[in-house]
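Residue numbers (my numbering), protein chains in the order written: chain A, 517 to 631; chain B, 538 to 655.
And the structure:
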């Protein structure tokens, strides 16, 4: 079945450590996204990518980094510079503009907790 | 920049009844998409319904329908014959009309938690 897989589902990180969240899709979508969800704040865009080897900052990119070496994969690294990393992280993918349907599909999320 | 506002943090509806969730947005663009997403306790985001701004006809999907008022920048979701499985967080979202080859970034509201009672 086609879809988006995020791993792990739960992740614990010590303060000062970098941690990488995985996101893989087999929907053949060009665009991929990372959103952060905090209670009472909805989802906010961290980074997005429109094509392999290209990515752009979203609204809250500070303290995060990404790569897009393969069409299927868009990992997110939460660095030690991120002051408040405890949150729920959602990865999504979609076709790019010009397609019949640009609906975004979401993964099941990763809950990151700093201990 | 676009903004999306959901002014109802929580709503409650009895099973089989109808409920309307409100959403307003602000944009200077003329072409765009509006969405309602459902997030159940599993936290998987599920697309409920989509509206293209250039279409005057309100979108419907089975028991879900929208009231799209472009001039008022209002986009409410009506759930008819509510079921226990409708209990979830509902997010209103906005996307600019994507140019060929560009991503469809979403701007979300803060969500409305819907409770369904017997």
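Built from N, CA and C at the ideal position, the CB exists for glycine as well.
Out of the options, state which residue places its alpha-carbon closest to the alpha-carbon of residue i.
| i | options | result |
| --- | --- | --- |
| residue 544(A) | 625(A), 626(A) and 618(A) | 618(A) |
| residue 576(A) | 561(A), 541(A) and 534(A) | 561(A) |
| residue 624(B) | 548(B), 542(B), 608(B) and 602(B) | 548(B) |
| residue 561(B) | 646(B), 655(B) and 650(B) | 646(B) |
| residue 631(B) | 595(B), 617(B) and 574(B) | 574(B) |
| residue 593(A) | 529(A), 531(A), 536(A) and 522(A) | 536(A) |
| residue 588(A) | 538(A), 528(A) and 553(A) | 538(A) |
| residue 622(A) | 533(A), 550(A), 529(A) and 524(A) | 550(A) |
| residue 578(A) | 553(A), 596(A), 557(A) and 558(A) | 596(A) |
| residue 601(A) | 518(A), 582(A), 524(A) and 534(A) | 534(A) |
| residue 566(B) | 610(B), 578(B) and 585(B) | 610(B) |
| residue 608(A) | 582(B), 655(B) and 546(B) | 582(B) |
| residue 642(B) | 559(A), 590(A) and 627(A) | 559(A) |
Using the rule of at least 16 other Cβ atoms within 10 Å of the residue's Cβ for burial, across every protein chain shown, is residue i buried or exposed?
| i | result |
| --- | --- |
| residue 526(A) | exposed |
| residue 638(B) | exposed |
| residue 578(B) | exposed |
| residue 606(A) | buried |
| residue 621(B) | exposed |
| residue 523(A) | exposed |
| residue 620(A) | buried |
| residue 631(A) | exposed |
| residue 553(A) | buried |
| residue 599(A) | exposed |
| residue 586(A) | exposed |
| residue 717(B) | A query on residue 717(B) cannot be resolved here, the shown segment of chain B reaching from 538 to 655 and no further. |
| residue 635(B) | buried |
When the distance is taken between beta carbons, is residue j closer than 7 Å to residue i?
| i | j | result |
| --- | --- | --- |
| residue 653(B) | residue 613(B) | no |
| residue 567(A) | residue 541(A) | no |
| residue 541(B) | residue 616(B) | no |
| residue 568(B) | residue 596(B) | no |
| residue 629(B) | residue 543(B) | yes |
| residue 629(A) | residue 528(A) | yes |
| residue 649(B) | residue 539(B) | no |
| residue 625(A) | residue 600(B) | no |
| residue 572(A) | residue 564(A) | yes |
| residue 640(B) | residue 603(A) | no |
| residue 587(B) | residue 572(B) | yes |
| residue 656(B) | residue 627(B) | Past the boundaries of the shown model lies residue 656(B); chain B is included only from 538 to 655, so the question cannot be answered. |
| residue 655(B) | residue 552(B) | yes |
List the residues that DSSP assigns as beta-bridge partners of residue i.
| i | result |
| --- | --- |
| residue 575(B) | 583(B) and 627(B) |
| residue 600(B) | Residue 600(B) pairs with nothing; no bridge assigned. |
| residue 646(B) | Beta-bridge pairing links residue 646(B) to no other residue. |
| residue 607(A) | 550(A) |
| residue 613(A) | 637(B) |
| residue 539(A) | 522(A) |
| residue 591(B) | Bridge partners of residue 591(B): none, in fact. |
| residue 622(A) | 608(A) |
Task: chain B contacts made by the segment 574-608 of chain A, where a contact means CB separation under 8 Å - done: Taking 8 Å as the upper bound on Cβ-Cβ separation, chain B lies near residues 574, 604, 606 and 608 of the segment 574-608 of chain A.
Open item on the list: Which residues of the segment 584-608 of chain B have a Cβ closer than 8 Å to any Cβ of chain A? Give them in chain order.
Closed with: Answer set for the segment 584-608 of chain B: 584 and 587.
- [ ] Below 9 Å between beta carbons is the criterion; list the residues of the segment 572-584 of chain B that meet it against any residue of chain A, in chain order.
- [x] Residues 572, 574, 576, 579, 580, 581, 582, 583 and 584.
TODO: Anything in the segment 638-651 of chain B with a Cβ closer than 7 Å to a Cβ of chain A? List those residues in chain order, please.
DONE: Correct list: 638, 639, 640, 641, 642, 643, 645, 646, 647 and 648.
Task: Residues from the segment 550-573 of chain A in contact with chain B, defined by Cβ distance under 9 Å - done: Listed by position, the residues of the segment 550-573 of chain A near chain B (Cβ gap below 9 Å) are 551, 553, 556, 557, 558, 559, 560, 561, 564, 565, 566, 567 and 572.
Open item on the list: Any C-beta of chain A within less than 7 Å: which residues of the segment 621-638 of chain B qualify?
Closed with: Here the close residues are 628, 635, 636, 637 and 638.
Open item on the list: Residues of the segment 618-631 of chain A in Cβ contact with chain B at a cutoff of 9 Å, in chain order, please.
Closed with: Those would be 618, 619, 620, 621, 622, 623, 624, 625 and 627, in chain order.
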